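Protein chains in written order, with my numbering: chain L, 9 to 532; chain A, 8 to 66. Virtual Cβ for every residue (Gly too), placed ideally from N, Cα, C. In this text, all values refer to a predicted model and were calculated from it rather than measured experimentally. Reviewing the structure listed below.
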């Protein structure tokens, strides 16, 4: 049976299955370099090369020739539908698979056939299994000759690398439907700026909010809407579209208008910057980094999708006796709209006019060479739920001003023999949804006993988001100090103290915290 | 003074000495962490200049 319509132009879907060849991807998509434009296919070529990485091993692609993309449709409605030149309101969508094209078509057909026999739950389960094994993600290709890469979600590289472990906490699961089959991919959406409705700040924020939507219902945040909201009350640089870039203030306005709170921090200190990025990323919150070049007045915005950590982990001291887990941070994986998703950025210490700043060396690999682009971190913008009043800096301050000094004082008073050399107390601060915290202490890396877990889940009333400062030292098993994130530093509520082991010293130290901070000790 | 009262007084004196020792150590460590705490607070001190920064790197 075929689709019929009185209108001869009634749209029809067409799907092409092709063997993968990175070099011919623009041709396969029917893209041509437009006059006047430069480096048009930079992002597409990056993606083509990215999916060729041995960890992903793309072997075939499937192209939907007509795809309606929600983000582009809104950009089209607000901007491109009003151009003299006609732009279609539909895109193409290319899917990447890690199996040969002949097997791809057979496997997809088999999924449908098996689904008919086995029923819906089996069909969905098998589709997910297929996705986990072979599906690498997709890229929407907009009908804009100068900036074709639209919403793209690609699987990140594997965890193990030669120089450390990759962790992509700022990714989420996307379910898409391709030719009647539900496919899932875990990633963080990326797209390039079009300099029409969006600039780099818009797309960086758009990517970060994709992750926020994973745990909160927020307003529709297409690039066009972000730019519109940003320019609603403040137009420091004139017209909003074509986008000439946004100020940090405008970005904050857009975040606020979408129902999220912009937590903005100015970073002039290397250790602080590293701690905050680590804390936000480890908590699964995608932050926007505002970066600048040392010899340039231009600022740029990128989104953190993941990080590379030193393996094995080591203690890094901020001062004698005070360590931070963030010292293991070696590199970040960022979405840079000028290049592509998951661009590696090495974290380095950089002396700038006498200040010890956080430098990011962005690594751009091409077939012929690797280019390093040095930037300096200027600000961090962390989109948070509005009711989270405690910030990551508040938690860091609490760790440094109260928790670590208290534990050192306990050690000196109660364990006088452990004073030489001074053992390092390391801290980590996180903000988690309460259920995420419960999962952490249930499944690790540091777990608590069964009865203690029951007390925690049944008798402790937690705020929706819980602030957690975890301290570890050679003389204890580890202790978590839980804070109500709806409280503020002036009227702080400590929800409880959770010892992460059963040693006598750990228990005594936890009791000491419990008395000093006037909060319950959570034991079995 | 009975033996029991003597012991109680000694225990109280010892407890007070421990508390003093604890408070002294706490203050000492707070002075060590003070510069780090100050650097943390500084990150939140934003001015109009921060909000006026223009982010406009082109592709």
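Amino acids of chain L, ordered along the chain, whose beta-carbon sits closer than 7 angstroms to that of residue i
i, result
"residue 51 (chain A)", "273, 401"
"residue 13 (chain A)", "None at all; the shortest Cβ gap to chain L is about 24 angstroms."
Environment of residue i [buried if 16+ CB atoms lie within 10 Å]
i, result
"residue 123 (chain L)", "buried"
"residue 120 (chain L)", "exposed"
"residue 91 (chain L)", "exposed"
"residue 316 (chain L)", "buried"
"residue 15 (chain L)", "Any reading at residue 15 (chain L) needs caution, since the residue's pLDDT is 48, under 50, leaving its predicted position unreliable; the model's value is listed next. Answer is exposed; the Cβ neighbour count stays below 16."
"residue 328 (chain L)", "exposed"
"residue 26 (chain A)", "exposed"
"residue 290 (chain L)", "buried"
"residue 512 (chain L)", "exposed"
"residue 517 (chain L)", "buried"
"residue 278 (chain L)", "buried"
"residue 72 (chain L)", "buried"
"residue 415 (chain L)", "buried"
"residue 347 (chain L)", "buried"
"residue 21 (chain L)", "exposed"
"residue 411 (chain L)", "buried"
"residue 22 (chain A)", "exposed"
"residue 32 (chain A)", "buried"
"residue 405 (chain L)", "buried"
"residue 443 (chain L)", "exposed"
"residue 532 (chain L)", "exposed"
"residue 287 (chain L)", "buried"
"residue 391 (chain L)", "buried"
"residue 10 (chain A)", "exposed"
Chain-ordered chain A contacts of residue i [CB-CB under 8 angstroms]
i, result
"residue 277 (chain L)", "46, 49, 50"
"residue 307 (chain L)", "60, 61, 62, 63, 64"
"residue 66 (chain L)", "What residue 66 (chain L) touches in chain A: nothing, since even the nearest Cβ is about 24 angstroms away."
"residue 421 (chain L)", "25, 28, 29, 32"
"residue 387 (chain L)", "57, 60"
"residue 536 (chain L)", "The requested residue 536 (chain L) does not occur in the structure, where chain L is confined to residues 9 to 532."
Proximal chain L residues relative to residue i, where beta-carbon distance stays under 8 angstroms
i, result
"residue 10 (chain A)", "Here the premise fails: no neighbours, minimum Cβ distance about 27 angstroms."
Where residue i meets chain A, residues with beta-carbon distance less than 7 angstroms
i, result
"residue 253 (chain L)", "61, 62, 63"
"residue 257 (chain L)", "58, 59"
"residue 409 (chain L)", "37, 40, 44"
"residue 413 (chain L)", "33, 36, 37, 40"
"residue 404 (chain L)", "47"
"residue 99 (chain L)", "What residue 99 (chain L) touches in chain A: nothing, since even the nearest Cβ is about 19 angstroms away."
"residue 280 (chain L)", "46, 47, 50"
"residue 209 (chain L)", "62"
Expected contact under 8 angstroms - CB spacing of residue i and residue j to nearest Å
i, j, result
"residue 42 (chain L)", "residue 99 (chain L)", "Incorrect: roughly 17 angstroms between the Cβ atoms, too far for contact."
"residue 521 (chain L)", "residue 489 (chain L)", "6 angstroms"
"residue 36 (chain A)", "residue 413 (chain L)", "4 angstroms"
"residue 179 (chain L)", "residue 313 (chain L)", "6 angstroms"
"residue 235 (chain L)", "residue 210 (chain L)", "5 angstroms"
"residue 468 (chain L)", "residue 504 (chain L)", "5 angstroms"
"residue 506 (chain L)", "residue 449 (chain L)", "7 angstroms"
"residue 353 (chain L)", "residue 337 (chain L)", "Incorrect: roughly 11 angstroms between the Cβ atoms, too far for contact."
"residue 254 (chain L)", "residue 238 (chain L)", "5 angstroms"
"residue 144 (chain L)", "residue 104 (chain L)", "4 angstroms"
"residue 321 (chain L)", "residue 40 (chain A)", "Contact flag wrong, Cβ pair sits at about 22 angstroms."
"residue 155 (chain L)", "residue 202 (chain L)", "4 angstroms"
"residue 471 (chain L)", "residue 493 (chain L)", "5 angstroms"
CB contact check: residue i to chain B, cutoff 9 angstroms
i, result
"residue 346 (chain L)", "The chain inventory of the structure shown lacks chain B, comprising the protein chains L and A."
heavy atom of the ligand FMN below 8 angstroms from residue i C-beta
i, result
"residue 199 (chain L)", "No copy of the ligand FMN occurs in the structure displayed, which carries no ligand at all."
Proximal residues of chain A, C-beta to C-beta of residue i below 9 angstroms
i, result
"residue 244 (chain L)", "59, 61"
"residue 416 (chain L)", "32, 33, 35, 36, 39"
"residue 152 (chain L)", "None at all; the shortest Cβ gap to chain A is about 12 angstroms."
"residue 327 (chain L)", "39, 40, 42, 43"
"residue 298 (chain L)", "60, 62"
"residue 502 (chain L)", "Within chain A, no residue comes near residue 502 (chain L); the closest Cβ sits about 17 angstroms away, beyond 9 angstroms."
"residue 260 (chain L)", "58"
(message) Which complete beta strand (DSSP E) runs does the region 54-128 of chain L hold, if anything under 3 residues is left out?
(response) 68-75, 99-105
(request) Enumerate, from N- to C-terminal direction, the unbroken alpha helix (DSSP H) stretches of 4 or more residues contained entirely within the region 212-252 of chain L. (result) 231-238
(request) Say whether the region 43-55 of chain L touches the region 123-140 of chain L, bearing in mind that this needs 3 or more beta-carbon pairs closer than 8 angstroms, one atom from each stretch. (result) no
(message) For the structure I just gave you, are there three or more beta carbon pairs, one from the region 146-163 of chain L and one from the region 296-314 of chain L, closer than 8 angstroms?
(response) no
(request) State whether the region 74-82 of chain L contacts the region 383-400 of chain L, with contact taken as three or more CB pairs (one from each stretch) at a distance under 8 angstroms. (result) no
(message) Is it the case that the region 424-442 of chain L contacts the region 476-490 of chain L, given that we only count it when at least three CB pairs across the two stretches are under 8 angstroms?
(response) yes
(request) Write down every uninterrupted run of the alpha helix (DSSP H) in the region 465-531 of chain L whose length is 4 residues or greater and which is fully enclosed by it, in chain order. (result) 512-524
(message) Taking 8 angstroms as the cut-off, does the region 365-381 of chain L touch the region 261-269 of chain L (at least 3 CB pairs, one atom from each stretch)?
(response) no
(message) With three or more beta-carbon pairs closer than 8 angstroms as the criterion, would you say the region 40-54 of chain A touches the region 279-286 of chain L?
(response) yes
(message) Just to confirm the assignment: which complete alpha helix (DSSP H) runs, minimum length 4, are found wholly within the region 272-344 of chain L?
(response) 278-290
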